[in-house]
Structures are given as C-alpha cells and as structure tokens.
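Asks: FYI, the numbering for the sequence shown is 1 to 56, going by UniProt numbering.
Cβ atoms here follow ideal geometry from the backbone N, Cα and C, with glycine treated the same way.
I am attaching a structure below and will ask some questions about it afterwards.
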Amino acid sequence: HKERKPFAYGLCNECYEEVSTHFIKVSGGLDGGSDPLAFQRAEKERLEKLSIEENA
C-alpha cells in the first residue's frame, strides 16, 4: 500500500482497521489489557479447581 497516505502508525486506514480489530479481539481492547482473556480463563479454572477441592 505504498501509494496510500499513512493513517496511523505508518499504516494506511485499511491496514490500521485490520490490525486494531485483531488487537481488540486478542487483547480484550485497551480497557481489557489489564485483565486479558488468557488471564480470565486461567483464573476461572483456578477458582473451579479450588471449589472442587473445598467441597471434596
């Protein structure tokens, strides 16, 4: 896309939208960055395991 005018971070608008959409899905977005999906899943699994152990 060398002929296109840069939009942000040196990317054209189309590429920027593609990258930012992927970033939001993977990271949980700017607000979700402190609590990413992988952390949420691991925390849920940890709490489920703890609950099973306490009820056994």
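The alpha helix (DSSP H) spanning phenylalanine 7 covers which residue range?
Replies: Looking at the DSSP string, phenylalanine 7 is not in any alpha helix (DSSP H), and its letter there is neither H nor E.
Asks: In this structure, does DSSP put alanine 56 in helix, strand or coil?
Replies: Here alanine 56 sits in coil by DSSP.
Asks: Once the 5 residues before and after tyrosine 16 are set aside, which same chain residues still bring their CB inside 8 Å of it?
Replies: Phe7, Ala8, Tyr9.
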